[in-house]
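Undergrad: Input: one structure, supplied below.
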Amino acid sequence: MKKIGLILIFFTTNALGLVIGSDSIVSYYNALQTFPTGQFNEINIFAYDEGGFILADQDTALIFNSVFPVANQILLNSGQLILEQNLILKQPISQATLLGAKIAGNGHVLDLGSAVSFLEPASTPTYKQLFFITNSKSDQAVQSVDWSFDGNYLASARLNALGTKEVVVFSFVNQILTEVASFQTDADIYSVRWNPADYYLAVIAAKNAATPIAGSEVFTLSFTTSENLYYIDGINTNVNTYAGEWSPDGAYLAITKAEALKKLTVYPITDGAFGAAIDDGVLGGGDLPYFRALSWDSTGVYIAMPTASDLHLFSFNGAALTLEDSLTMADTIYAIDYSPLGTFIAVGIRNQTNRLRLVSFDGATLTEELSKNIGAANPFAVSWCYSGLHLVTGQDSVIGVPELKGFEFSPTATTINFTSGATFGSDVMDIRWHPGDCAFGFGTIVGSVLPSMEWVYSFTQGSFWDNVTVVLTRDLQVSGNLKFSGNSAILGNGCSVELIGSGSLSVGINSSLLLENVTIKNVSGRDFSCEDSTSTVSLRNVDLIQVGDVIFDQGHFDVLGEFKISGGYVFAYQTDQISTITSNGEFILDYGSTFSYNPTTSNRDLLAMVDETSVLTLNGATLYSTSTGLRLINGTLNIASRSYLISEGVVDADSISLGNDIAANNLHIDPKADLKMQGCVSYHNV
Numbered sequence: 033m034k035k036i037g038l039i040l041i042f043f044t045t046n047a048l049g050l051v052i053g054s055d056s057i058v059s060y061y062n063a064l065q066t067f068p069t070g071q072f073n074e075i076n077i078f079a080y081d082e083g084g085f086i087l088a089d090q091d092t093a094l095i096f097n098s099v100f101p102v103a104n105q106i107l108l109n110s111g112q113l114i115l116e117q118n119l120i121l122k123q124p125i126s127q128a129t130l131l132g133a134k135i136a137g138n139g140h141v142l143d144l145g146s147a148v149s150f151l152e153p154a155s156t157p158t159y160k161q162l163f164f165i166t167n168s169k170s171d172q173a174v175q176s177v178d179w180s181f182d183g184n185y186l187a188s189a190r191l192n193a194l195g196t197k198e199v200v201v202f203s204f205v206n207q208i209l210t211e212v213a214s215f216q217t218d219a220d221i222y223s224v225r226w227n228p229a230d231y232y233l234a235v236i237a238a239k240n241a242a243t244p245i246a247g248s249e250v251f252t253l254s255f256t257t258s259e260n261l262y263y264i265d266g267i268n269t270n271v272n273t274y275a276g277e278w279s280p281d282g283a284y285l286a287i288t289k290a291e292a293l294k295k296l297t298v299y300p301i302t303d304g305a306f307g308a309a310i311d312d313g314v315l316g317g318g319d320l321p322y323f324r325a326l327s328w329d330s331t332g333v334y335i336a337m338p339t340a341s342d343l344h345l346f347s348f349n350g351a352a353l354t355l356e357d358s359l360t361m362a363d364t365i366y367a368i369d370y371s372p373l374g375t376f377i378a379v380g381i382r383n384q385t386n387r388l389r390l391v392s393f394d395g396a397t398l399t400e401e402l403s404k405n406i407g408a409a410n411p412f413a414v415s416w417c418y419s420g421l422h423l424v425t426g427q428d429s430v431i432g433v434p435e436l437k438g439f440e441f442s443p444t445a446t447t448i449n450f451t452s453g454a455t456f457g458s459d460v461m462d463i464r465w466h467p468g469d470c471a472f473g474f475g476t477i478v479g480s481v482l483p484s485m486e487w488v489y490s491f492t493q494g495s496f497w498d499n500v501t502v503v504l505t506r507d508l509q510v511s512g513n514l515k516f517s518g519n520s521a522i523l524g525n526g527c528s529v530e531l532i533g534s535g536s537l538s539v540g541i542n543s544s545l546l547l548e549n550v551t552i553k554n555v556s557g558r559d560f561s562c563e564d565s566t567s568t569v570s571l572r573n574v575d576l577i578q579v580g581d582v583i584f585d586q587g588h589f590d591v592l593g594e595f596k597i598s599g600g601y602v603f604a605y606q607t608d609q610i611s612t613i614t615s616n617g618e619f620i621l622d623y624g625s626t627f628s629y630n631p632t633t634s635n636r637d638l639l640a641m642v643d644e645t646s647v648l649t650l651n652g653a654t655l656y657s658t659s660t661g662l663r664l665i666n667g668t669l670n671i672a673s674r675s676y677l678i679s680e681g682v683v684d685a686d687s688i689s690l691g692n693d694i695a696a697n698n699l700h701i702d703p704k705a706d707l708k709m710q711g712c713v714s715y716h717n718v
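What follows is the structure, given as structure tokens:
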């Protein structure tokens, strides 16, 4: 699988650690320099380092401020390299482990020279980062999401005070979310959860008298193989319900609600039908649970839930609930999740310096083991991955604080370390891990600003290279995720970048990547991608060689010189942004390749040409458009050998249109071109 200006990495201290060299006298180092953890270290201006350097671990930062090149070894070990000068790697380089690291280029050059031909992750990866996969825009606020047991579908609960509330189901195929079913009701929906063993959903709603759910605050929906949603059964609690979670085997559904002495209830469920309620009978008073704050342990024996600032742990034997212990936290509990490893419960609380807490249960007593500062934003969601070694938090939107954060957990040392964050400008409400343990889905709410989003991210080893220009003088292989942010570039000098294994290139939010004089090889799927609508790839003299279909569904590209796609596969253009062939730019589709125009919006004008020197060349290739239609104006359509225009449109408004009835916007095309057409293709030159 595969934001913001500076790389989002936090260290425990900013005191200088090891400093080599000076800013006035040349010093020569022929031994490998090891820089210590938890420090900002520095290679000074006149330090001539021919021995190379190594960063101790992911919490190590090195400021490179030398005017001299570096040789021998460079091992970043997932740490951070900050360039204050250009960094030139020269022969001999015996080993260079740059992937998995954070490189803050500050506009400087990373010249790999002839020294580096292979970028691979560290042999013992310790650092994981957040990588965007896909999203789906909504005209309603996204309250909750969850994956089906097989990971093939993502369900979303949406609500809007001015409109219809609904449950939406998306298929998740080839890392794309496609809406396949929905169920509408007038009830505000707080949570949606798939049964862990079958295709039906539990839905948690506010107190209501809505149809077609017969006023049920808790109900189940069947999802059929024909991808339809149907109401099965419901319970009218006559109070607000806040959370619902299935037991690990899917036989029971636990819910929390605003009811004295019955704040926790468990229902046996058979084929989606509710059995007799099993109530806690002990939690009195006016303190209430919180939305989606409910969690079973992996054995199905224990259930954790909050009321206000109290964390409660119940045992369940299939017939009765027993309160085992309660623990008062520092403030209201917003989110909880039981670790798959047992023992630990992650707890998110509001308005404290340390808003992430780790609580253990030894079979009798709840004990707070750890508190973590995760920034001045309240956590609405905490979620362990299936291995129990990684944790993701979702928080409300506060300027300067990423709403999504990833952490690594050491069960032996009982430590949680921040690894990376992502900012959306919106509240992250719910997080659920994909069963494959390699990705998670979550929902965001933008308040009064729409659209909101369903998102899918991965949490894997990779690299953030920010505001850096990478210079090649030999071919390079990349075997891991390489994400560029800021204004970055790869200057290939006629060399190639080959993506092998899990290798990929991506461009971050509000970022741009210039590719110049380079061949990108072995590309398929989302190996070549943008993170969102603000991401840009600029291409000057670039060959993109595909080994499978490519999906380009975010951001846009600008063709500044020659950009050729070859390999004989589909390049699926599914973004809602405008890509441009600029003046003197040429976009070439080589033999057997297909450019499939299938944007997520009904806009025919997302492939733009500036003037007649903007050229789209088909060399034995196919230009294909869905019924959205595609309109080509201003530039030149060059047919180098027999090629094809294929349109799904059946009327002029949905056609592939050559021109737009305005003479100044005519599309230049050789009338003798060997061009075959299928479907509705219209000529609108004047």
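Counted the way the numbering used here counts, the sequence shown spans residues 33 to 718. Beta carbons: idealized from backbone N, C-alpha and C, even for Gly.
1) Pull the bridge partners of M709 from the DSSP assignment, please.
2) Just verifying my parser: in three-state terms, what is the DSSP assignment at A696?
3) Out of V424, A672 and D357, which has the shortest C-alpha to C-alpha gap to W465?
4) Please state the DSSP three-state secondary structure of A351.
5) Could you spell out the range, first to last residue, of the beta strand (DSSP E) harbouring F181?
6) How far does the beta strand (DSSP E) with V500 in it reach, from first residue to last?
7) Give me the residue from Q578, L546 and D369 with the minimum Cα distance to A413.
8) Beta-carbon separation of G667 and L699 under 8 Å?
9) For Q710 and T654, what's the separation of their Cα atoms in angstroms?
10) Which residues in the same chain as P68 place their Cβ atom closer than 8 Å to its Cβ, once the five residues preceding and following it in sequence are excluded?
11) Could you tell me which of G247, Y231 and M485 sits nearest to A238, measuring between CA atoms?
12) Classify I301 as buried or exposed, calling it buried when 16 or more other Cβ atoms lie within 10 Å of its own Cβ.
13) Name the residue from L662, N525 and S615 whose alpha carbon lies nearest to the alpha carbon of T633.
14) Identify the residues that DSSP records as bridge partners of N118: which are they?
15) Distance check for D581 and I221, CA to CA, integer angstroms please.
16) Whole-angstrom Cβ separation of V579 and V602, contact assumed at under 8 Å?
17) Do you know how far the Cα of V224 is from the Cα of F472?
18) So, does the segment 128 to 145 touch the segment 111 to 120, judging by three or more C-beta pairs under 8 Å?
19) Which residue from F96, N97, I95 and T129 puts its Cα closest to that of N104?
20) Are G624 and G652 closer than 8 Å when you measure CB to CB?
21) Consult DSSP for D311 and reduce its assignment to one of helix, strand or coil.
22) On the premise that S561 lies in contact with F720, defined as a C-beta separation below 8 Å, what is that separation, rounded to the nearest angstrom?
23) Cutting at 7 Å between CB atoms, please list the residues of its own chain near Q117, excluding the five before and the five after it.
24) Do you know whose CA, among A234, Y232 and I267, lies nearest N240's CA?
25) Go ahead and pull the three-state DSSP assignment for A685.
26) Please confirm whether D143 has its beta-carbon closer than 8 Å to some beta-carbon of chain B.
27) Which partner residues does N670 have in the DSSP bridge list?
28) Can you tell me where the beta strand (DSSP E) with D575 in it begins and where it stops?
29) Going by DSSP, which residues form a beta bridge with T210?
30) Is the distance from the Cβ of D312 to the Cβ of K295 below 8 Å?
31) Name, in chain order, the residues that DSSP records as bridge partners for Y715.
32) Comparing alpha-carbon positions, which option in Y61, G145 and P338 lies nearest G318?
33) Tell me whether L50 sits in a helix, a strand or coil according to DSSP, three-state version.
34) Just to confirm, is the Cβ distance from A408 to P434 under 8 Å?
35) By the DSSP assignment, the beta strand (DSSP E) with K295 in it spans what residues?
36) Please list, in chain order, all residues of the same chain as L421 whose beta carbon is under 7 Å from its beta carbon, the five residues on each side excluded.
TA: Well, looking at it:
1) L677
2) helix
3) V424
4) coil
5) Taken as a continuous stretch (DSSP letters only), F181 belongs to no beta strand (DSSP E), as it is neither H nor E.
6) Looking at the DSSP string, V500 is not in any beta strand (DSSP E), and its letter there is neither H nor E.
7) D369
8) yes
9) In this structure, the alpha-carbon of Q710 lies about 11 Å from that of T654.
10) G49, L50, A88 and T92
11) Relative to the Cα of A238, the nearest Cα in the group G247, Y231 and M485 belongs to G247.
12) buried
13) L662
14) Looking at the DSSP assignment, N118 forms no beta bridge with any residue, so it has no partner.
15) 38 Å
16) About 12 Å separates the beta carbon of V579 from that of V602, a gap too long to meet the 8 Å contact definition.
17) 15 Å
18) yes
19) Closest option to N104, Cα to Cα, is T129.
20) yes
21) Three-state DSSP puts D311 in a strand.
22) Any answer about residue 720 is impossible in this case: the structure gives the chain only from 33 up to 718.
23) Leaving aside the five residues that flank Q117 on each side, the residues in its chain whose CB is nearer than 7 Å to its CB run, in chain order, F96, N97, S98, V99 and H140.
24) Out of A234, Y232 and I267, I267 has the C-alpha closest to the C-alpha of N240.
25) helix
26) Looking for chain B here will not work: only one protein chain is present.
27) T649
28) Following the DSSP letters along the chain, one finds D575 inside the beta strand (DSSP E) bounded by residues T568 to F584.
29) S203
30) Yes, the pair counts as a contact, with Cβ atoms nearer than the cut-off.
31) Y715 pairs with L690.
32) P338
33) The answer is strand: DSSP assigns L50 an E or B state.
34) No, Cβ-Cβ distance for A408 and P434 is not below 8 Å.
35) First-last for K295: undefined, no H or E at that position.
36) E440 and F441
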